[in-house]
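Structure, as structure tokens:
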Amino acid sequence: MKKKIKNLRRKKVSNIMLICIVYILFLSFLIVGSSNFYYKQDRINTPIKGYQDSTIYPIEQLWNITWGGNGRDRASDMELDSSNNIYLSGFTNSSGAGDLDMVLVKYNSLGEQQWNTTWGGSDMDSGLAVALDSSEDIYLGGMTRSFGHGSMDFDMVLVKYNNLGEQQWNTTWGGINSDICSNIAVDSSNNIYLTGRTWNFGAEGGDMVIVKYNYLGEQQWNTTWGGNLSDTGNEIIVDPFDNIYVVGWTTSFGAGNNDIVLVKYNSLGEQQWNTTWGGANHDLGYSIGLDSLNNVYITGAANFPLFSPFNPMISDIVLIKYNSSGFQQWNATWGGSGEDSGQGIAINPSDNIYLAGKTNSSGAREMDMVFVKYDNLGEQQWNATWGGSEIDVAMEIKFDPSNNIYITGYTDSFGSGGSDMVLIKYKLLELTVTNPTSSSTWQINNNYTITWTSIGSISNVIIELYENDVFVMEIAATASNNGYFSWAIPSSLENSTLYQIKISDSVNPAIYDYSNYFEIIKKDSVLISGYNLVLLIGVIGLISAIIIKKQNKSIVNIVKIKNL
């Protein structure tokens with residue numbers, strides 16, 4: 001009898017244990033919704049939108065040069081060849097044959113002029129774009145009133161030069177009204193595409209136009225896009241598959257007075273899609289670029305009622321990212337209380353975005369050049385301005401293979417008088433952390449090598465540790481910029497997967513980079529994610545329940561046998 005009571009007590013205890021295990025299982029699944037267990041994640045940046053005036057810049061000016069005379073001389077576009085020679089297109093009334101002539105100027109990478117040439121007649125002719133083909137022949141695009149249909153209206157004009165500045169041929173396109181070429185691009189077969197605006201063809205009010213020529217100057221096709229109001233193509237680009245993207249603005253479609261428009265065509269001139277972006281006021285698309293994944297970036301000027309619905313000179317620089325199918329990924333704006341506009345865009349091999357344009361929101365100057373850097377998530381990295389007491393505007397920005405930056409436009413503050421062409425070369429100063437990576441797991445009390453790459457004249461760096469974006473400790477107050485540093489992880493650190501290494505220039509703190517999030521653990525620690533922990537508890541609980549159930553059944557059977 002005593003044994004029976006003892007076995008019944010065991011069964012009672014086992015049932016209590018079973019109830020506790022079920023309760024633990026319930027709690028473990030409840031934890032999933034509010035788990036604070038460690039997990040891996042990549043660095044996610046929240047875009048910084050709006051105006052920020054930098055005081056230190058991660059760029060170093062190497063030289064600047066102006067070109068012009070006593071009249072108006074302005075650069076509108078720029079291209080680089082394989083030897084890093086720079087070609088500027090624009091217009092001049094300081095030299096040439098007429099009231100205003102197209103001009104093409106060649107510089108080497110040191111800023112030394114190689115040659116210049118003008119094209120035009122007795123009337124107004126303006127060079128608005130330049131492009132190079134695979135043979136490094138040069139194409140100059142613009143508008144002419146000296147040739148073509150003449151009179152008081154313009155025709156598109158395309159002029160081909162060799163790399164010595166010798167003209168090969170020229171051709172015009174248009175009707176009895178005005179037709180203006182604002183930009184040109186060359187595809188993989190050396191076909192040339194012109195975009196701009198036509199008042200002769202398409203719907204009423206002026207339409208976006210694209211004209212295709214082969215390398216001999218023979219027209220292949222032309223097409224227009226637009227409605228009954230005003231529609232303009234401002235810049236054109238060709239992707240590696242010879243698809244054509246045109247950015248500009250439209251008043252025929254969209255939400256406001258002028259909306260930014262992006263149109264994609266194939267190489268046959270067949271439209272693939274179009275999309276608009278804008279608010280109730282004027283929004284203008286000026287420049288377009290492609291990254292390594294063929295995402296499309298647009299910059300221009302955005303004018304929202306938030307600033308002033310009555311003053312069209314109040315605008316912000318806008319940057320919009322689309323994928324190759326025309327779906328918007330994000331947009332960002334930059335500016336202050338004045339006129340800010342993005343005129344040119346360049347994307348480096350790391351898919352960072354650099355904008356060039358104009359601002360009078362910064363300081364007391366009349367108008368300055370402005371350069372703004374974004375990463376591919378739309379987060380601003382830095383901005384810088386250049387100029388004097390008068391009007392200075394950046395129109396285009398380009399990179400060479402060494403990551404040097406070239407910016408062109410025009411200046412009223414410097415040069416010979418009036419407006420002069422200006423070309424500025426910058427050296428980019430940059431740091432990139434290469435180790436640890438997002439897959440790194442480092443153990444406390446062990447030695448690991450932190451590695452990085454750098455561009456520019458950086459002598460020493462500061463190395464710091466962050467956890468969940470909060471400063472933890474200084475790893476090295478001053479380390480030589482040799483690309484590596486051996487670090488013994490101190491025992492005072494706690495387990496976490498949210499650590500980051502920050503490396504910055506010891507002289508210029510604007511030059512820095514963070515690693516991806518990585519993991520640091522103690523040698524006897526194993527970090528288990530919340531869901532895996534729940535699964536582990538569940539499995540243990542289930543096995544325990546089965547064992548206890550079997551034990552209870554065995555105990556009851558034993559009691560029955562002894563009572564016989």
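For the sequence shown, the residue numbers in our numbering are 1 to 564.
Where is the CB? At the ideal position from N, CA and C, for every residue including glycine.
If you're wondering where the values come from, they're calculated on a predicted model, not measured in any experiment.
Bridge-paired residues (DSSP) for residue i
i    : result
W119 : M102
K425 : W63, Y406
M124 : L100
N183 : T195
V318 : G300, T333
Y374 : I353, Q380
V393 : Y410
F471 : Y466
Q271 : Y265
E430 : I455
H282 : N258
Y74  : Note that residue 74 is Arg in the sequence shown here, rather than Tyr. F91.
Y57  : For Y57, which the question treats as bridged, DSSP gives no partner whatsoever.
A129 : G141
G233 : G248
Beta-carbon spacing of residue i, residue j below 7 Å
i    : j    : result
E568 : N360 : Since the first and last residues shown for the chain are 1 and 564, residue 568 lies out of range.
N303 : S315 : yes
F518 : S440 : yes
G165 : T117 : yes
L428 : I65  : no
S94  : D123 : no
G254 : T276 : yes
G248 : S287 : no
G289 : V318 : no
V209 : G196 : yes
T432 : N460 : no
G580 : M367 : Within the shown structure, residues of the chain are numbered from 1 to 564, placing residue 580 beyond reach of any answer.
G120 : G98  : yes
S188 : D155 : no
S438 : N376 : no
Y426 : Q61  : yes
G357 : A394 : yes
G413 : E390 : Sequence inspection shows Ser at residue 413; the Gly mentioned does not correspond to that position. Yes, they are a contact pair.
S486 : T449 : yes
G233 : S252 : no
I244 : Y193 : yes
S324 : N294 : yes
Proximal residues to residue i (C-beta, below 6 Å), its chain only, five neighbours per side dropped
i    : result
Y514 : Q500, K502
G417 : N70
Y354 : A346, K373, I397
Y215 : N190
D101 : T92, T118, G120, D125
S504 : I462, Y512
G636 : Here the chain has residues from 1 to 564 only, and residue 636 is not among them.
Cβ shell of residue i (< 8 Å), same chain only, five flanking positions each side left out
i    : result
G256 : G278, G279, A280, N281, H282, D283
N162 : D137, I138, Q168
E218 : none
D81  : Y87, L132, E136, N163
Pick from the options that is closest to residue i, judged by C-alpha positions
i    : options                : result
N383 : V393, S389, V372, E390 : V372
A510 : Q380, N447, G120, V470 : Q380
E464 : K425, Y426, S506       : S506
Y57  : E430, T449, I489       : E430
I424 : W221, D392, N191, M367 : D392
I489 : N481, A479, N482, V472 : V472
M78  : N468, V103, Q61        : V103
V238 : V263, P401, S252, L88  : V263
P349 : P401, G388, M367, S109 : P401
N177 : Y426, V159, E204       : E204
S230 : G206, F327, Y245       : G206
G409 : M369, N190, N435       : M369
I236 : N294, L110, A129       : A129
S126 : D153, W115, E112       : D153
L268 : N222, I320, T251       : N222
N404 : G111, A75, R72, T92    : G111
Y322 : E270, S496, I260       : I260
G388 : N85, I407, T411, Y406  : T411
N508 : E467, S457, Q328, L498 : S457
Contacts around residue i, its chain only, beta-carbon distance under 7 Å, and the 5 residues preceding and following it disregarded
i    : result
S491 : I444, N445
T451 : T434, N435, G483, Y484
L493 : I444, I520
Check: residue i C-beta below 6 Å from any heavy atom of the ligand COA
i    : result
E204 : What this structure holds is no ligand at all, so the ligand COA is not there to describe.
Is it true that the segment 176–188 meets the segment 122–142, where meeting means three or more beta-carbon pairs spaced less than 8 Å apart?
By the Cβ test, the segment 176–188 is in contact with the segment 122–142, since at least three Cβ pairs between them sit closer than 8 Å.
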